[in-house]
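Chemist: Chains as they are written, first to last, in the numbering used here: chain A, 5 to 342; chain B, 401 to 907. Just so you know, even glycine gets a beta-carbon here, dropped at the ideal spot from N, CA and C. Input: one structure, supplied below.
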């Protein structure tokens with residue numbers, strides 16, 4: 005599935021220049037709420053998805069990601085609040101509007117006794133793709149997910165990763181403008197997950213808008229905007245970098261010195277701009293982690309501080325925390341702040 | 401591309417998908433076609449037309465006449481009863497019955513002859529241990545028929561004896577004719593002494609004739625149980641006795657000299673009586689004893705041609721039942737599995753209308769069901785010899801109607817069920833209801849209202865009536881059946897559509 009593989013690197017129609025940018029978000033959710041009995045699956049969610057972006061809905065299992073997607077696709081109606089897609093409530097979509105959506109459900113939603121190609125033909129048919137387009141679309145979609153050689157294989161004989169690729173190809177056959185992909189990378193290996201995200205980036209470059217849910221927090225890095233959900237609520241929504249800053253209150257810089265630093269020197273470092281805080285890592289007393297408002301300025305300030313203190317510095321570098329750490333920090337902060 | 405074309409594309413996608421999915425499962429296809437046929441074949445080949453033999457012991461006393469009757473009973477019941485022995489040990493026979501070694505014990509009373517002579521009917525008791533009400537009904541009927549057969553056999557013997565006596569009387573009639581001729585001659589010759597002598601002879605012959613005929617009367621009385629010789633006597637025998645009474649009166653009148661004016665006319669009347677008597681005796685003697693004992697015999701005859709045996713009667717109904725069950729199960733499982741696979745969720749988001757799915761799947765299963773029905777019908781006709789007396793077009797239309805109703809029922813079940821095990825359970829309930837209420841085993845008129853209405857909610861009820869009618873009678877039956885099937889399709893189809901729209905709509 006890599007871009008230099010046997011198939012075409014991107015076989016779906018590029019729509020970046022075909023459709024004029026629309027004013028306002030493609031998806032707009034306001035106070036979106038879904039209640040099942042006593043349980044609030046989604047609770048007052050506000051979210052906008054802009055055209056041509058990849059928005060990741062990240063959160064633990066049961067956080068409301070799938071319910072949010074279902075409301076955005078029109079499969080479910082909100083209990084309260086509202087959601088509009090292309091300016092209309094999706095639950096009231098007619099066939100034409102529905103044909104602009106691509107949806108990859110959490111389950112593969114394909115038939116084990118049909119071959120890969122037969123499954124794709126079936127999905128193309130239920131989207132009303134005309135016979136004259138079907139063959140080329142099928143060829144392009146199979147090529148896009150590197151399954152051309154396996155098209156005659158029965159789905160039940162295909163691996164889990166292959167089945168997810170078929171499901172992705174099925175989502176693309178009718179050339180939708182907006183794709184909702186519900187945990188597309190669930191249960192597949194890291195290499196294939198990366199390839200999936202490469203494909204999503206290609207789709208984005210072709211002008212499509214993607215809303216992707218994932219439990220793999222690390223995949224947030226591939227998104228333009230990450231919306232963190234927990235217990236049905238939107239905890240944070242920002243760019244990946246913005247989310248990091250939000251999580252820790254700034255950016256992080258690590259300074260590795262050769263000799264121990266006395267407390268007075270540390271105090272002076274804390275008073276320098278743009279340093280907000282300094283932490284001496286317990287595992288390595290020679291490493292100082294600085295919380296700064298901006299990483300570049302922080303690194304400059306750290307070098308100047310070391311010179312002024314006469315300290316030998318082994319390294320000064322920006323520390324990019326993993327999204328696991330970011331996610332944990334965001335949730336902790338959200339829970340602390342109430 | 402127009403919406404109409406898209407609708408065709410979307411509907412047709414289900415036709416292809418459903419058929420390919422089924423064909424991809426060879427075991428399923430085998431089960432689908434071969435399974436029902438093997439069941440039908442086993443059913444047709446295994447079903448016996450005659451009632452199964454009943455293991456029986458006959459108990460009699462020591463009365464040789466009763467033993468003789470029991471032997472005759474054994475002969476007459478050979479087809480129905482498998483008579484193990486004739487014994488006088490009633491206790492042992494009843495013990496064997498309780499132990500399950502026997503099905504029936506036929507017990508003749510010890511004092512049967514005495515009972516009959518005392519003017520009462522002797523009761524032949526048939527002991528059994530059946531719990532099946534239909535079997536009990538059959539045994540009761542059998543006991544009644546057996547008693548009638550015994551009575552007929554006894555009566556037949558008596559009639560034979562009566563006819564033998566009537567033969568003797570015929571000889572005496574010839575002697576009487578001779579006496580009459582001699583009397584006529586004496587009177588013609590004007591010889592009063594000879595005339596008186598011949599008259600005396602005639603009187604004696606007529607007396608003997610009356611006595612002989614009295615014996616036949618007694619015999620016939622035994623047959624009919626009618627002591628006064630009235631309406632119960634067979635016609636020929638009654639006519640003979642009437643003639644004899646007239647003849648005796650005439651001869652007595654002649655001997656008393658009451659007939660003096662026209663003795664020739666009196667003699668002619670006597671001759672006429674003798675002729676009538678001869679004719680009557682000839683008729684009585686010439687009738688077979690069976691006809692005298694049982695002048696009427698019951699016979700049932702169908703007003704249309706042909707006759708179906710038991711397996712031919714049940715086979716079309718079994719076919720309808722199997723095809724309905726197959727279609728209901730497959731279509732309900734198909735929809736429930738789509739729910740479990742997640743494709744229903746995809747359908748909710750896709751530009752797919754409920755009607756398109758309904759039409760697509762219906763067409764697929766109509767094709768499949770039609771093919772299986774055609775194959776099984778051919779196998780029934782060729783393999784089991786089931787007749788096909790009606791129109792193939794009517795049978796084809798009936799198949800389409802029944803399949804559409806079964807498909808719609810399958811949709812309703814699928815849309816009510818949440819899991820495949822629930823769908824299978826509901827399909828089994830429909831099968832059970834169909835076996836009991838559709839006329840497969842018991843006729844529809846055996847059920848009381850309002851439960852008899854339940855039958856009309858089942859496609860098999862209409863299918864069985866239409867298939868049996870078309871194949872066995874040559875005509876589909878009452879138009880109300882066709883109208884009822886159309887209404888059922890509309891009702892179930894409407895319910896399916898509403899439920900499907902709800903299922904595919906936003907939740």
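Scan the region 732-750 of chain B for residues whose Cβ lies nearer than 8 Å to a Cβ of chain A and list them as they occur along the chain.
Modeler: So the close ones are 741, 742, 743, 745, 746, 747, 748, 749, 750.
Chemist: Find out if the Cβ-Cβ distance for the pair residue 776 of chain B, residue 436 of chain B is shorter than 9 Å.
Modeler: Yes, they are a contact pair.
Chemist: Would residue 100 of chain A pass as an interface residue toward chain B - the criterion being a Cβ-Cβ separation below 9 Å?
Modeler: Yes, contact with chain B.
Chemist: Using the Cα positions of residue 623 of chain B and residue 511 of chain B, report the straight-line distance between them to the nearest angstrom.
Modeler: Its pLDDT being 47, under 50, residue 623 of chain B is placed unreliably in this model, and the value from its coordinates should be taken loosely. C-alpha separation (whole angstroms): 20 Å.
Chemist: Would you say residue 708 of chain B and residue 872 of chain B are within 9 Å of each other, going by their C-beta atoms?
Modeler: Yes, these two residues count as a Cβ contact at 9 Å.
Chemist: To the nearest angstrom, how far is it from the Cα of residue 95 of chain A to the Cα of residue 82 of chain A?
Modeler: Those two C-alpha atoms are separated by around 9 Å.
Chemist: Answer with yes or no whether the minimum CB distance from residue 900 of chain B to chain A is below 9 Å.
Modeler: Chain A, which has no Cβ nearer than 9 Å to the Cβ of residue 900 of chain B, makes this no.
Chemist: For residue 553 of chain B, tell me which candidate among B:901, B:673, B:603, B:469 has the shortest Cα-Cα distance.
Modeler: Among B:901, B:673, B:603, B:469, the Cα nearest to that of residue 553 of chain B is on B:469.
Chemist: Rank A:262, A:260, A:231 by C-alpha distance to the C-alpha of residue 248 of chain A and give the top, closest one.
Modeler: Among A:262, A:260, A:231, the Cα nearest to that of residue 248 of chain A is on A:231.
Chemist: Can you list, in chain order, the residues of the region 250-263 of chain A whose Cβ is nearer than 8 Å to any Cβ on chain B?
Modeler: Correct list: empty, as no residue qualifies.
Chemist: Have a look at B:805, B:583, B:650 and flag the residue whose alpha-carbon is nearest the alpha-carbon of residue 607 of chain B.
Modeler: Considering only alpha carbons, the answer is B:650.
Chemist: Evaluate residue 645 of chain B with the Cβ neighbour count: other Cβ atoms within 10 Å of its Cβ, from every protein chain shown; 16 or more gives buried, anything less gives exposed.
Modeler: Exposed, by the Cβ-count rule.
Chemist: In angstroms with no decimal places, state the Cα-to-Cα distance between residue 689 of chain B and residue 611 of chain B.
Modeler: Distance between the alpha carbons of residue 689 of chain B and residue 611 of chain B is about 22 Å.
Chemist: Let me see if you follow: with CB-CB separation under 9 Å, is residue 127 of chain A close to chain B or not?
Modeler: Chain B contact via Cβ: present.
Chemist: Could you pull the DSSP bridge partners for residue 830 of chain B from this structure?
Modeler: BP columns for residue 830 of chain B are empty, so no partner.
Chemist: Three or more beta-carbon pairs under 8 Å between the region 802-810 of chain B and the region 885-905 of chain B, yes or no?
Modeler: Yes, the region 802-810 of chain B touches the region 885-905 of chain B.
Chemist: Could you compute how far the alpha carbon of residue 732 of chain B sits from the alpha carbon of residue 89 of chain A?
Modeler: Cα to Cα, residue 732 of chain B sits roughly 34 Å from residue 89 of chain A.
Chemist: If we ignore side chains and look at the alpha-carbon of each, how far apart do residue 326 of chain A and residue 134 of chain A end up?
Modeler: Each residue's Cα considered, the two are about 46 Å apart.
Chemist: Give the interface partners of residue 424 of chain B over in chain A, defined as CB-CB distance under 8 Å, in chain order.
Modeler: Near residue 424 of chain B (Cβ distances below 8 Å), the residues of chain A are 117, 118, 158.
Chemist: Expressed to the nearest angstrom, what Euclidean distance is found between the alpha-carbon atoms of residue 408 of chain B and residue 757 of chain B?
Modeler: Each residue's Cα considered, the two are about 11 Å apart.
Chemist: Within 10 angstroms of the Cβ of residue 7 of chain A, are there 16 or more other Cβ atoms? Answer buried if so, exposed if not.
Modeler: Low confidence applies here, because residue 7 of chain A scores a pLDDT of 36, under 50, leaving its location unreliable; read the following figure in that light. Classification for residue 7 of chain A: exposed.
Chemist: Do you know how far the Cα of residue 685 of chain B is from the Cα of residue 868 of chain B?
Modeler: Answer to the nearest angstrom: the Cα atoms are 49 Å apart.
Chemist: Thinking C-beta only, is residue 228 of chain A closer than 9 Å to residue 73 of chain A?
Modeler: No, the Cβ-Cβ distance between residue 73 of chain A and residue 228 of chain A is not below 9 Å.
Chemist: Run through DSSP, which three-state label would residue 480 of chain B get?
Modeler: In this structure, residue 480 of chain B counts as coil in the three-state DSSP scheme.
Chemist: State yes or no: is the C-beta of residue 745 of chain B within less than 9 Å of the C-beta of residue 819 of chain B?
Modeler: Not in contact: residue 745 of chain B and residue 819 of chain B (Cβ atoms no closer than 9 Å).
Chemist: Whose C-beta lies closer than 8 Å to the C-beta of residue 45 of chain A among residues of the same chain, with five residues either side of it excluded?
Modeler: Excluding sequence neighbours, residue 45 of chain A sits near 38, 39, 68, 71, 236.
Chemist: Taking Cβ-Cβ distances shorter than 7 Å, what residues in chain B pair up with residue 95 of chain A?
Modeler: The answer, in chain order, is 906.
Chemist: Who are the neighbours of residue 72 of chain A on chain B, taking C-beta pairs under 9 Å?
Modeler: What residue 72 of chain A touches in chain B: nothing, since even the nearest Cβ is about 14 Å away.
Chemist: Taking C-beta pairs closer than 7 Å, name the residues in chain B that residue 122 of chain A reaches, listed in chain order.
Modeler: Within chain B, the residues near residue 122 of chain A are 420.
Chemist: Which partner residues does residue 486 of chain B have in the DSSP bridge list?
Modeler: Bridge partners of residue 486 of chain B: B:458.
Chemist: Assess contact between the region 563-578 of chain B and the region 489-497 of chain B, defined as three or more Cβ pairs (one per stretch) separated by less than 8 Å. Is contact present?
Modeler: Result no; under three Cβ-Cβ pairs closer than 8 Å.
Chemist: Give me the residue from A:318, A:50, A:339 with the minimum Cα distance to residue 36 of chain A.
Modeler: Closest by alpha carbon: A:50.
Chemist: Go to residue 192 of chain A, then tell me how far its alpha helix (DSSP H) extends in each direction, as first and last residue.
Modeler: Here residue 192 of chain A belongs to no alpha helix (DSSP H), and DSSP marks it neither H nor E.
Chemist: Since residue 798 of chain B is in the alpha helix (DSSP H), which residue starts that stretch and which ends it?
Modeler: It spans 792-816 - the alpha helix (DSSP H) in which residue 798 of chain B sits, taken as one unbroken run.
Chemist: Taking residue 113 of chain A as the query, report the chain E residues whose CB atoms sit under 7 Å from its CB, ordered along the chain.
Modeler: Absent here is chain E; the protein component of the structure consists of chains A and B.
Chemist: Express the C-alpha separation of residue 282 of chain A and residue 274 of chain A in angstroms, rounding to a whole number.
Modeler: Using only the alpha carbons, I get a separation of about 6 Å.
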